[in-house]
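From first to last, the protein sequence lines are chains A and B. Residues 28 to 301 (the numbering used here) make up the first sequence, in order. Residues 28 to 301 (the numbering used here) make up the second sequence, in order. Here the structure is laid out as structure tokens; the discussion comes afterwards.
2 protein chains.
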Amino acid sequence: MHDTQPPAHILDAAVALTPQAANHYTGHTSPAYGNMVGPFGGTIGATLLNAVMLHPERLGDPLTLTVNFAAPIADGAFSVLARVMRTNRSTQHWMVELQQDGQVAAFATAITAIRRDTWSETDADFPLAPPPAQVPQSPAHPRAAWTACYEMRFISGMPGQPASEQGGHPSETRLWIRDQPPRPLDFLSLAAMCDAFYPRVLLRRQSWTPAGTVALTTYFHADAAQLQAHGDAPLLGAARGLRFNKGFFDQSAEMWTPAGVLLATSHQVVYFKE
Amino acid sequence: MHDTQPPAHILDAAVALTPQAANHYTGHTSPAYGNMVGPFGGTIGATLLNAVMLHPERLGDPLTLTVNFAAPIADGAFSVLARVMRTNRSTQHWMVELQQDGQVAAFATAITAIRRDTWSETDADFPLAPPPAQVPQSPAHPRAAWTACYEMRFISGMPGQPASEQGGHPSETRLWIRDQPPRPLDFLSLAAMCDAFYPRVLLRRQSWTPAGTVALTTYFHADAAQLQAHGDAPLLGAARGLRFNKGFFDQSAEMWTPAGVLLATSHQVVYFKE
């Protein structure tokens, strides 16, 4: 009973995997990241990415992650199978499956890459935002436990506020966000945070409708050293809807450092009921 | 020798698959859609989607398509394996692999869905554009055969034109595009067209650097009937780069009808050399 390890951050506990046979892991959903029904999709995606991060054959850092939420995930245990689809000189392609009761409940494709210095430029516009300290922190949503795992400071597009008070783009949210308690940024936390924007249809319609992500693609624009250099400061997140039609819509998000470095862009398609 | 069938459109010939065993098909790259090296990625993605379209277990219309270009594809024959990962009441998740010489050269995940009428709205801005007849058609690129398979009328961001003459967003292309010869729009042609925007780094830097798509995600915002209603009129395409860093960049594209209906949004990450 002389455990000198500090307790793991709740995110690390949520995405933890135990290696079993080659390519096989087991994991467990985390009550801390519970959603209204089942687990928060952001930590499920990060867990699938973690199977790649932990894999002994991994080459380089994550470049892309596409997560398909194929079926409802039950609270409890799951198994994860991660396999290399193809390895090139500087890129590697992955397929990862999450199974419960012998059925695929979620799966992901990912690319890892060895990155090297090249010309660098940003064409997306850094969103206007007051510094985090000037924006009040929002309380967690009582029915979505995972929202308590993030410090969220909404600049615009806060949930539940009438459209008439929002101004600007009809489905945009801008917020400062970081893990709560703070945790140094890495690919796992960044991947999870990219899914922390609530469904745009709720903001757009200002009324409740069942909605849930069916697929999420994230592009990472930094390597591990660049993320590590960021530390645990908040990120500026901005998300907008593009088109809502026939039961589905898409939304795109950007994650920026306070200094204006675009660390990730993310896109998802979301089911909605009416 | 009494063949009364009209000859297939070159696109249909390019994406054609011959069913073999269950879930298995064979196909062949098309010289008409050759690129500088190997085949045009757009028709490869459309071929993988065609494996889903032809599958006897398919439920509904394509909603998402993510293609991973895992390795160079050689001109010639390939085999395709398509399997259902999960079927729900109104959505279905797919994994499709393209193999050459027993190795995975490309693979895709896709979601098909039964769509139903709901509230509908578009938040993306319809790009400003003169009508197609007022925009001259660009000649095909002599070293990229596939460019002759599209009628392309560049409004801005044409390849090879100096940045000083472009104006506007530094990495945006706007163009009217349709199959050449014209062909009624469907999911296959729309999927291929979403990859017809040349790498943004070439426009941004106005110099030649090797570049190629490594992954492409497309979201379809219409069902089969809505695409069929479009016919063979040109689409207005707009694409922009977001961030270029450490050997990769991402670009996002929108495909609109002349009447302002957003039919698809598409995102890709692209390798570049320097």
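Quick reminder that beta carbons are idealized off the backbone N, C-alpha and C, glycines included. From a predicted model like this one, the values you see are computed outputs, not experimental measurements.
Excluding the 5 residues preceding and the 5 following residue i in the sequence, name in chain order all residues of the same chain whose CB lies nearer than 6 Å to its CB.
{"i": "Ala-73 of chain A", "result": "Val-42, Leu-215, Ala-218, Ala-219"}
{"i": "Ala-265 of chain B", "result": "Pro-154, Arg-201, Glu-281"}
{"i": "Val-297 of chain A", "result": "Pro-226, Ala-238, Thr-240, Phe-276"}
{"i": "Pro-46 of chain A", "result": "Tyr-52"}
{"i": "Asp-39 of chain B", "result": "none"}
{"i": "His-168 of chain B", "result": "Thr-174"}
With which residues is residue i paired in a DSSP beta bridge?
{"i": "Glu-281 of chain A", "result": "A:Ala-265, A:Thr-292"}
{"i": "Met-179 of chain A", "result": "A:Ile-204"}
{"i": "Trp-121 of chain B", "result": "B:Val-111, B:Ala-137"}
{"i": "Thr-236 of chain A", "result": "Partner(s): none; Thr-236 of chain A has no beta bridge."}
{"i": "Phe-276 of chain A", "result": "A:Phe-271, A:Val-297"}
{"i": "Phe-105 of chain B", "result": "B:Gly-54"}
{"i": "Leu-243 of chain B", "result": "B:Val-94, B:Gln-295"}
{"i": "Val-131 of chain A", "result": "A:Gln-126"}
{"i": "Glu-148 of chain B", "result": "A:Phe-271"}
Nearest to residue i by CA position, among the options, is which residue?
{"i": "Ala-104 of chain A", "options": "A:Met-63, A:Pro-58, A:Thr-136", "result": "A:Pro-58"}
{"i": "Pro-211 of chain A", "options": "A:Thr-45, A:Ala-256, A:Val-297", "result": "A:Ala-256"}
{"i": "Ser-25 of chain B", "options": "B:Cys-221, B:Ala-249, B:Ala-260, B:Phe-247", "result": "For chain B, the structure presents residues 28 to 301; residue 25 of chain B sits outside this window and is missing."}
{"i": "Gly-287 of chain A", "options": "A:Thr-93, A:Ala-101, A:Pro-83, A:Ala-151", "result": "A:Ala-151"}
{"i": "Leu-254 of chain A", "options": "A:Thr-93, A:Pro-169, A:Asp-213", "result": "A:Asp-213"}
{"i": "Leu-230 of chain A", "options": "A:Thr-240, A:His-36, A:Gly-187, A:Pro-34", "result": "A:Gly-187"}
{"i": "Pro-159 of chain B", "options": "B:Ala-49, B:Ile-37, B:Ile-182", "result": "B:Ile-182"}
{"i": "Ala-49 of chain A", "options": "A:Val-111, A:Asn-95, A:Pro-89", "result": "A:Val-111"}
{"i": "Tyr-225 of chain A", "options": "A:Ser-198, A:Phe-247, A:Thr-245", "result": "A:Ser-198"}
{"i": "Glu-301 of chain A", "options": "A:Phe-275, A:Leu-289, A:Pro-285, A:Val-241", "result": "A:Phe-275"}
{"i": "Pro-261 of chain B", "options": "B:Trp-283, B:Asn-272, B:Leu-38, B:Tyr-246", "result": "B:Trp-283"}
{"i": "Pro-154 of chain A", "options": "A:Gly-195, A:Asn-115, A:Arg-116", "result": "A:Gly-195"}
{"i": "Ala-252 of chain B", "options": "B:Leu-290, B:Leu-269, B:Thr-240, B:Gln-32", "result": "B:Leu-290"}
{"i": "Pro-83 of chain A", "options": "A:Phe-96, A:Ala-98, A:Trp-121", "result": "A:Trp-121"}
{"i": "Thr-114 of chain A", "options": "B:Pro-99, B:Ser-117, B:Arg-116", "result": "B:Pro-99"}
{"i": "Thr-245 of chain A", "options": "B:Leu-38, B:Tyr-246, B:Ala-156, B:His-294", "result": "B:His-294"}
{"i": "Ala-97 of chain B", "options": "A:Ser-117, A:Ala-223, A:Ala-101, A:Cys-176", "result": "A:Ser-117"}
{"i": "Pro-285 of chain A", "options": "A:Ala-156, A:His-168, A:Pro-169, A:Gln-130", "result": "A:Ala-156"}
{"i": "Leu-75 of chain A", "options": "A:Arg-267, A:His-55, A:Pro-169", "result": "A:His-55"}
{"i": "Ala-242 of chain A", "options": "B:Pro-33, B:Thr-70, B:Leu-92", "result": "B:Leu-92"}
{"i": "Asp-307 of chain B", "options": "B:Ala-137, B:Trp-235, B:Asp-102", "result": "In the structure as shown, chain B begins at 28 and stops at 301. Residue 307 of chain B is therefore absent and cannot be evaluated."}
{"i": "Val-228 of chain A", "options": "B:Arg-180, B:Cys-176, B:Thr-149", "result": "B:Thr-149"}
{"i": "Arg-180 of chain B", "options": "B:Ala-135, B:His-168, B:Pro-169, B:Val-162", "result": "B:Val-162"}
{"i": "Trp-235 of chain B", "options": "B:Phe-271, B:Trp-146, B:Phe-299", "result": "B:Phe-299"}
{"i": "Gly-68 of chain A", "options": "A:Gln-233, A:Phe-134, A:Gln-130, A:Leu-90", "result": "A:Phe-134"}
{"i": "Leu-263 of chain A", "options": "A:Gln-233, A:Tyr-177, A:Gly-65", "result": "A:Tyr-177"}
{"i": "Asn-272 of chain A", "options": "B:Trp-146, B:Trp-203, B:Arg-267, B:Lys-273", "result": "B:Trp-146"}
{"i": "Thr-70 of chain B", "options": "B:Gly-268, B:Ala-223, B:Arg-267", "result": "B:Ala-223"}
{"i": "Leu-90 of chain B", "options": "B:Gly-268, B:Gln-130, B:Arg-267, B:Ala-137", "result": "B:Ala-137"}
Tell me which residues share the same chain as residue i and place their Cβ nearer than 7 Å to its Cβ, disregarding the 5 neighbours each side in the sequence.
{"i": "Asn-62 of chain A", "result": "Ala-171, Trp-173"}
{"i": "Ala-78 of chain B", "result": "Leu-44, Tyr-52, Val-107, Ala-109, Val-123"}
{"i": "Met-310 of chain B", "result": "No information on residue 310 of chain B is available, as it lies outside the stretch 28 to 301 that chain B covers here."}
{"i": "Asp-250 of chain B", "result": "Asp-88, Arg-142"}
{"i": "Gly-65 of chain A", "result": "Pro-99, Ile-100, Ala-101, Asp-102"}
{"i": "Pro-34 of chain B", "result": "none"}
Just to confirm my understanding: we take residue i, look at its own chain, exclude 5 residues before and 5 after, and list those with CB closer than 8 Å. What are they?
{"i": "Gln-126 of chain B", "result": "Phe-105, Ser-106, Val-107, Leu-108, Ala-132"}
{"i": "Asp-259 of chain B", "result": "Arg-205, Asp-206, Pro-209, Arg-210, Pro-211, Leu-212"}
{"i": "Arg-85 of chain A", "result": "Val-79, Gln-119, Thr-139"}
{"i": "His-36 of chain A", "result": "Asp-206, Pro-208, Arg-210"}
{"i": "Thr-292 of chain A", "result": "Ala-151, Thr-245, Tyr-246, His-248, Ser-279, Ala-280, Glu-281, Met-282"}
{"i": "Arg-356 of chain B", "result": "This structure gives no information on residue 356 of chain B, because the portion of chain B shown stretches from 28 to 301."}
{"i": "Arg-232 of chain B", "result": "none"}
At a Cβ threshold of 8 Å, is residue i touching chain D?
{"i": "Asn-115 of chain B", "result": "Note that chain D does not occur in the displayed structure, where the protein chains are A and B."}
Handout entry: Sequence ranges, alpha helix (DSSP H) only - wholly within the stretch 41 to 89 of chain B, length at least 4
Key = 68 to 80
Exercise for the section: Name, going along the chain, the residues of the stretch 282 to 296 of chain B whose beta-carbon falls closer than 7 Å to a beta-carbon of chain A. Expected result: Leu-289, Thr-292, His-294, Val-296
Practice task
Mind checking the stretch 230 to 245 of chain A against chain B and listing, in chain order, the residues whose C-beta falls within less than 8 Å of any C-beta there?
Solution key: Arg-231, Arg-232, Val-241, Ala-242, Thr-244
Exercise for the section: Return the residues of the stretch 96 to 110 of chain A that lie within a Cβ-Cβ distance of less than 8 Å from chain B, sorted by chain order. Expected result: Ala-97, Ala-98
Problem - Under 8 Å (Cβ pairs) to chain A, residues found in the stretch 135 to 163 of chain B - result: Thr-136, Ile-138, Ala-140, Arg-142, Arg-143, Asp-144, Thr-145, Trp-146, Ser-147, Glu-148, Thr-149, Asp-150, Ala-151
Practice task
Quick one: which residues of the stretch 79 to 91 of chain A get their C-beta closer than 8 Å to a C-beta of chain B? List them in chain order.
Solution key: Leu-90, Thr-91
Practice task
With 9 Å as the C-beta to C-beta threshold (strictly closer), list the residues of the stretch 197 to 225 of chain A near chain B in chain order.
Solution key: Pro-197, Ser-198, Glu-199
Practice task
Could you run through the stretch 258 to 277 of chain B and flag, in chain order, every residue whose CB is less than 9 Å away from some CB of chain A?
Solution key: Arg-267, Gly-268, Leu-269, Arg-270, Phe-271, Asn-272, Lys-273, Gly-274, Phe-275, Phe-276, Asp-277
Problem - Cβ-based contacts, 8 Å cut-off: residues of the stretch 34 to 62 of chain A near chain B - result: none
Exercise for the section: Closer than 8 Å, Cβ to Cβ, to anything on chain B: give me those residues from the stretch 61 to 75 of chain A, in chain order. Expected result: none
Practice task
Using a Cβ-Cβ cut-off of less than 9 Å, give me the residues of the stretch 163 to 192 of chain A that come near chain B, in sequence order.
Solution key: none
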